[in-house]
């Protein structure tokens, strides 16, 4: 058990819809990361937050947005869903950002999104 | 910016055989290097990491990796493969600095034949 909790574990929805994925980081971790994993794209970094502020942005689509709340949990919002958005979405957390501690990420078990 | 290269997408070994998964990095400053493992239907977990000091690092489940600066490599090895080692393995790199982010390689799938 990594200590990172993601909900829901599975989600099936239709094209054009909007979903919200939730992540609770490990106790004490200030950084939260979101990754997308699919068979064709592999593991893609989406976005990182540190103590409530956006710290780094990766290959995140404009239809996607995220935030980190004062209690440090994070939500990833996916809107106008397309078939190609079907993937496993991982949240990870770390103590800090950058350096050796920042590279030690603890991953949740993921939220599997299926868009029909 | 730093990067890692994992050549090939799939490695197959027999049970009991040596496991060697290659990783080469690119970084203009001293890197921190990591190997992560992802078992089927699970999230990634840290296998081992190199920060500073001893260049041969040992991780969980009998895996180890050696940092070779001259070769810009951080290959992962295990003397004797076990069926339970079948998984996807990711090499990753970061550097010092508050804005540094962890950069993952494409991953390599390890299959273990009975």
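Chains as they are written, first to last, in the working numbering: chain F, 254 to 369; chain P, 3 to 116.
A virtual CB, placed ideally from N, CA and C, is assigned to each residue, including glycine.
Values in this document were obtained by computation on a predicted structure and should not be read as measured data.
Could you give the DSSP three-state label for residue i: helix, strand or coil?
i                      : result
residue 86 of chain P  : helix
residue 369 of chain F : coil
Say whether chain F places a C-beta atom closer than 9 Å to the C-beta of residue i.
i                     : result
residue 10 of chain P : no
residue 59 of chain P : no
residue 91 of chain P : no
residue 65 of chain P : no
Who are the neighbours of residue i on chain P, taking C-beta pairs under 8 Å?
i                      : result
residue 255 of chain F : 45 and 47
residue 343 of chain F : 45 and 46
residue 301 of chain F : 103
By the criterion of Cβ-Cβ separation under 7 Å, what are the contact partners of residue i in chain P?
i                      : result
residue 360 of chain F : 45, 46 and 47
Starting from the C-beta of residue i, find all residues in its chain whose C-beta is less than 6 Å away, skip the five residues before and the five after it, and write them out in chain order.
i                      : result
residue 297 of chain F : 289 and 312
residue 75 of chain P  : 26
residue 108 of chain P : 8
Strictly under 9 Å for the Cβ-Cβ distance: is residue i near chain P by that measure?
i                      : result
residue 309 of chain F : yes
residue 322 of chain F : no
residue 283 of chain F : no
residue 357 of chain F : yes
residue 274 of chain F : no
residue 366 of chain F : no
residue 317 of chain F : no
In chain F, what lies closer than 7 Å to residue i by C-beta?
i                     : result
residue 19 of chain P : What residue 19 of chain P touches in chain F: nothing, since even the nearest Cβ is about 26 Å away.
residue 41 of chain P : Within chain F, no residue comes near residue 41 of chain P; the closest Cβ sits about 11 Å away, beyond 7 Å.
Can you name the residues of chain F whose CB is closer than 9 Å to the CB of residue i?
i                     : result
residue 56 of chain P : Ordered by position in chain F, no residue passes the 9 Å Cβ test against residue 56 of chain P, which lies about 14 Å from the chain.
Got a sec? Which residues, its chain only, sit under 7 Å from residue i by beta carbon, not counting five neighbours each side?
i                     : result
residue 88 of chain P : 112, 113 and 114
- Task: Can you check the segment 9-65 of chain P for any alpha helix (DSSP H) of at least 4 residues that lies completely inside it and give the ranges in chain order?
- Result: Assignment of alpha helix (DSSP H) within the segment 9-65 of chain P, counting only whole runs of 4 or more residues, yields no such run.
- Report the residue ranges of all alpha helix (DSSP H) runs contained in full by the segment 279-335 of chain F; include only those spanning at least 4 residues, in chain order. List check, alpha helix (DSSP H) in window: nothing returned.
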